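Input: a single structure, listed below in structure tokens.
Numbering (UniProt numbering), first residue to last: 1 to 232.
Right, dumping it as structure tokens:
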């Protein structure tokens, strides 16, 4: 599903250069639930950004589902990202002037992949799947942090992408809501979605298929978790 070959990302120029990623090589299979762990500033978010097409690598190649996205021109990369990748942020990034229903509708409005009627039906179905159907027409400031994050996950699934990347999606949540979000991702993985999640929660990192450690821009595999442990 995902293949990174000698990927590096450099910010700045000359003496002000900062290597956020250094010669990263990794492979992730379809349907795997992968945790990325590391200290602040280690390169975790940069890794997610190049995986999701938000940013492009300075060196190396990134292939996802057989497509070398690192060579896409920006126009095609934007189109690919909207259809093939769902992105979940720690801070939700819901539009406050739109209802939860309208927030979930938004990616489908941009891609125009379905008729207006089917877009509405899918948005409501997604909100139902994350337990928010009864709050579909509320605005984000009327719901809890956990509910906002569940809405953000529904929005990330709007165009049915095969890849979901999540940057500290449980970081602002209490333990109960964090467990609920983790369970949602685990279920998505079991349905065939590939999940790459940055987390500081070491309990979660030991309950996924695999985990990677990022340190000073280098990425190494921590371990492959026994499936019985991952299902605990």
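In this text, a Cβ means the ideal position worked out from N, Cα and C, and glycines have one as well.
Because the structure is a prediction, the values reported are computed rather than measured.
Please determine, among 7, 186, 211, the residue with the shortest C-alpha to C-alpha distance to residue 247. The structure shown has nothing for residue 247, since the chain only spans 1 to 232.
Exposed unless 16 or more other CB atoms sit within 10 angstroms - verdict on residue 168: Residue mapping note: residue 168 aligns to position 168 of the chain shown, counting from 1. So residue 168 ends up on the buried side.
Closest by C-alpha distance to residue 9, when choosing among 42, 38, 94: Start at 1 with the first residue of the chain shown, and residue 9 comes out as number 9. Closest by alpha carbon: 42.
Would you identify the three-state DSSP class for residue 229, choosing helix, strand or coil? Here residue 229 refers to the residue found at position 229 when the chain shown is read from its first residue. Reliability fails at residue 229, whose pLDDT of 40 lies under 50, so the model's placement of it is uncertain and the value that follows must be treated cautiously. In the structure shown, residue 229 falls within a helical segment according to DSSP collapsed to helix, strand and coil.
How should residue 182 be labelled, buried or exposed, when 16 other C-beta atoms within 10 angstroms of its C-beta is the threshold for buried? The sequence position of residue 182 within the chain shown is 182, counting from 1. Residue burial is scored here from C-beta neighbours: residue 182 has at least 16 other C-beta atoms within 10 angstroms and is therefore classed as buried.
Residue 207 - DSSP class collapsed to helix/strand/coil: Here the question's residue 207 lines up with position 207 in the chain shown. Three-state DSSP puts residue 207 in coil, outside helix and strand.
Can you give the Cα-Cα distance for residue 122 and residue 101, rounded to whole angstroms? Counting from 1 along the chain shown, the entry for residue 122 is found at position 122. Counting from 1 along the chain shown, the entry for residue 101 is found at position 101. So the two alpha carbons sit approximately 10 Å from each other.
Only counting the same chain, and skipping five residues up and downstream in sequence, which positions put a Cβ closer than 8 Å to that of residue 39? Within the chain shown, residue 39 is the residue found at index 39, counting from 1. Within the same chain, Cβ atoms closer than 8 Å to the Cβ of residue 39 are found at 215, the five residues on either side in sequence being excluded.
Within a Cβ cutoff of 6 Å, which residues of the same chain sit near residue 154, ignoring the five residues on either side of it in sequence? In the chain shown, the residue the question calls residue 154 occupies position 154. 104, 126, 127, 130.
Tell me whether the beta-carbon of residue 50 lies closer than 8 Å to the beta-carbon of residue 210. Here residue 50 is taken as the residue at index 50 of the chain shown, counted from 1. Here residue 210 is taken as the residue at index 210 of the chain shown, counted from 1. Against a cut-off of 8 Å, the Cβ pair of residue 210 and residue 50 comes out as no contact.
Determine the burial state of residue 148: buried for a count of at least 16 other Cβ atoms within 10 Å of its Cβ, exposed for fewer. Numbered from its first residue, the chain shown carries residue 148 at position 148. Residue burial is scored here from C-beta neighbours: residue 148 has at least 16 other C-beta atoms within 10 angstroms and is therefore classed as buried.
In the DSSP output, what is residue 100 paired with across the bridge? Indexing the chain shown from 1 puts residue 100 at position 100. Per DSSP, none; premise fails for residue 100.
To the nearest angstrom, report how far apart residue 133 and residue 61 are at their CA atoms. Working through the chain shown from its first residue, we reach residue 133 at position 133. Working through the chain shown from its first residue, we reach residue 61 at position 61. CA-CA distance, residue 133 to residue 61, rounds to 41 Å.
Using DSSP with H/G/I as helix, E/B as strand and the rest coil, what is residue 54? Against the chain shown, residue 54 aligns to sequence position 54. For residue 54, the secondary structure class from DSSP, reduced to helix, strand or coil, is coil.
Taking just the CA atoms, how far does residue 189 sit from residue 232? Along the chain shown, one-based indexing puts residue 232 at 232. Along the chain shown, one-based indexing puts residue 189 at 189. Because residue 232 carries a pLDDT of 36, less than 50, the predicted location of this residue cannot be relied on, and the following value inherits that uncertainty. Rounded to whole angstroms, residue 232 to residue 189 spans 15 Å at the Cα level.
Report the CB separation of residue 27 from residue 64 in whole angstroms; it is logged as a contact under 8 Å. Walking along the chain shown from the start, residue 27 turns up at place 27. Walking along the chain shown from the start, residue 64 turns up at place 64. About 11 Å separates the beta carbon of residue 27 from that of residue 64, a gap too long to meet the 8 Å contact definition.
Going along the chain, which unbroken runs of the alpha helix (DSSP H) with 4 or more residues stay wholly within the stretch 162-190? Listed in chain order, the complete alpha helix (DSSP H) runs (minimum 4 residues) inside the stretch 162-190 are 175-190.
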